[in-house]
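S.K.:
2 protein chains.
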Amino acid sequence: MKDMNVNIQAESRNATQTEVQARNFKMIIDEPQNLGGTDEGANPVEYVLGALSGCLTVVGHLVAKEMGFTLRGMRMEMNGNLDPARFMGKSQEERAGYKGIEVKIHADADADEETLNKWVEQIEDRCPVSDNLSHETPVHIAALKSVNAMSN
Amino acid sequence: MKDMNVNIQAESRNATQTEVQARNFKMIIDEPQNLGGTDEGANPVEYVLGALSGCLTVVGHLVAKEMGFTLRGMRMEMNGNLDPARFMGKSQEERAGYKGIEVKIHADADADEETLNKWVEQIEDRCPVSDNLSHETPVHIAALKSVNAMSN
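Here it is, written out as structure tokens:
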């Protein structure tokens, strides 16, 4: 199939807050005050867990339909642990991001445990966000000096 | 340092739409109509790029301050390509997620090109979201049958 290109624009509003434009949708990303932020939105690592949950909904329903069972809804608890030391520049011993992500899906479904386990396997294989987190994804960042960026 | 635990709750509203609760913040994630969705929010892979941009703002300003140059603002263009075939269950040839992510930062900064390149290196090393995307992160998903999940 032809590759899909996904494109967003983003702009800092202050040292911790970002306004994102994705098509006609806006996201406000910030840090809580105890992390030095202005707390106007969820923080970047909360957005990562949110993105993953959104992907699980889409792929979960798609796969349930293919497998032939009724899925009335999904409730998800998402958890991740990270050591802020590297991010804060205090130590390089641990990685910067989540050490791992734990997801518990409560599925309101007409399916037994064995079926749900097969369902999860398929989801893990086919969910784009889960793939990008669990496997290496090249991220290339280039910085250009600009006087056009909005000043704060 | 002590690990930080990050926790969110999410619930499907229909086969493509998810409502996320992250502390006191809500996110609505959906798919556009051409991907079978109800288009009430940005989609999961757009949220991934958003999360990354939010992280770059925070770490970018932190590192600029440490390096001793003035950063008045950042404008970011974020792009990713993915082949939807695996997600749709049509082929397993390509990975499900982004093949790569390209970020262009327009930095309104009192810094020369060499300084900005060093700045980007530091950001790549210390941004939690960039780390989770560019390196493997264990994602563990468990499904439980529940009649308590909200039905649609």
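So the protein lines, in turn, are chains A and B. Residue numbers 0 to 151, in numbering that gives the first Met the number 0, belong to the letters of the first sequence in order. Residue numbers 0 to 151, in numbering that gives the first Met the number 0, belong to the letters of the second sequence in order. Each residue gets a CB set at the ideal place from its N, CA and C atoms; glycine is no exception.
1) Using the three-state DSSP reduction, which class does residue 145 of chain B fall into: helix, strand or coil?
2) When DSSP labels each residue in this structure, what does residue 139 of chain A get in the three-state scheme?
3) So with Cβ pairs under 9 Å, would you call residue 170 of chain B a contact of chain A?
4) I need the boundaries of the alpha helix (DSSP H) containing residue 131 of chain A, first residue and last residue.
5) Looking at C-beta atoms only, is the number of pairs between the segment 62 to 77 of chain A and the segment 31 to 49 of chain B that lie closer than 8 Å three or more?
6) Mind listing, in chain order, the continuous beta strand (DSSP E) runs of no fewer than 3 residues lying wholly within the segment 98 to 129 of chain A?
7) Below 8 Å on the Cβ atoms is my guess for residue 4 of chain B versus residue 80 of chain A; work out the distance and round it to an integer in Å.
8) Look at the alpha carbon of residue 1 of chain B and the alpha carbon of residue 61 of chain B, and state the distance between them as a whole number of angstroms.
9) Could you name each continuous beta strand (DSSP E) segment of 3 residues or more that falls completely within the segment 8 to 84 of chain A, going from the start of the chain to the end?
10) Could you tell me the alpha carbon to alpha carbon distance between residue 38 of chain B and residue 66 of chain B, rounded to whole angstroms?
11) Which residues, in chain order, does the segment 64 to 85 of chain A contribute to contact with chain B at a C-beta distance below 7 Å?
12) Name, please, each residue of chain B whose Cβ falls closer than 8 Å to the Cβ of residue 4 of chain A.
13) For residue 93 of chain A and residue 83 of chain A, I'd like the C-alpha separation in whole angstroms.
14) With distance defined between alpha-carbon atoms, name the residue in B/110, B/90, B/121, B/104 nearest to residue 89 of chain A.
15) Taking the DSSP output, what are the residues bridged to residue 3 of chain A?
16) Between the beta-carbon of residue 52 of chain B and the beta-carbon of residue 114 of chain A, is there less than 9 Å?
17) If you draw a straight line from the alpha carbon of residue 134 of chain A to that of residue 10 of chain B, how long is it in whole angstroms?
18) Measure the alpha-carbon distance for residue 110 of chain A versus residue 78 of chain A and round it to whole angstroms.
19) By alpha-carbon positions, which one of A/56, A/101, A/59 ends up nearest to residue 6 of chain B?
20) Quick one: which chain A residues come within Cβ less than 8 Å of residue 37 of chain B?
21) Between which residues of its own chain and residue 123 of chain B is the CB-CB distance below 7 Å, once the five residues before and five after are set aside?
22) Is the beta carbon of residue 140 of chain A sitting closer than 9 Å to the one on residue 104 of chain B?
23) So residue 33 of chain B contacts chain A; which residues on that side make the cut at Cβ distance below 9 Å?
24) According to the neighbour-count rule (16 or more other Cβ atoms, all chains shown, within 10 Å of its Cβ), is residue 30 of chain A buried or exposed?
25) Whose C-beta lies closer than 7 Å to the C-beta of residue 137 of chain A among residues of the same chain, with five residues either side of it excluded?
26) Counting only C-beta atoms, is residue 123 of chain B closer than 9 Å to chain C at any point?
27) Residues of chain A with a CB under 9 Å from the CB of residue 113 of chain B: which are they?
M.R.: Taking the geometry as given:
1) coil
2) Three-state DSSP puts residue 139 of chain A in a strand.
3) Absent from the model: residue 170 of chain B. The displayed extent of chain B is 0 to 151, so no value can be given.
4) 127 to 133
5) They do not touch, by the three-pair rule.
6) 99 to 108
7) Contact between residue 4 of chain B and residue 80 of chain A holds: their C-beta atoms lie close to 6 Å from each other, under 8 Å.
8) A straight-line Cα-Cα distance of about 20 Å links residue 1 of chain B and residue 61 of chain B.
9) 17 to 21, 24 to 28, 70 to 81
10) So the two alpha carbons sit approximately 42 Å from each other.
11) 65, 71, 72, 73, 74, 75, 76, 77, 78, 79, 80, 81, 82, 83, 84, 85
12) 78, 79, 80
13) In this model, residue 93 of chain A and residue 83 of chain A are separated by some 9 Å (Cα to Cα).
14) Nearest of B/110, B/90, B/121, B/104 to residue 89 of chain A, Cα basis: B/121.
15) B/81
16) Taking C-beta atoms as the reference points, residue 52 of chain B and residue 114 of chain A fail to come closer than 9 Å.
17) 25 Å
18) 25 Å
19) Closest option to residue 6 of chain B, Cα to Cα, is A/101.
20) Ordered by position in chain A, no residue passes the 8 Å Cβ test against residue 37 of chain B, which lies about 11 Å from the chain.
21) 129
22) Contact: yes.
23) Within chain A, no residue comes near residue 33 of chain B; the closest Cβ sits about 10 Å away, beyond 9 Å.
24) Classification of residue 30 of chain A: buried, given that the 10 Å Cβ count is 16 or more.
25) none
26) Absent from the structure: chain C. Protein chains present are A and B.
27) Chain A residues near residue 113 of chain B: none, gap ~11 Å exceeds 9 Å.
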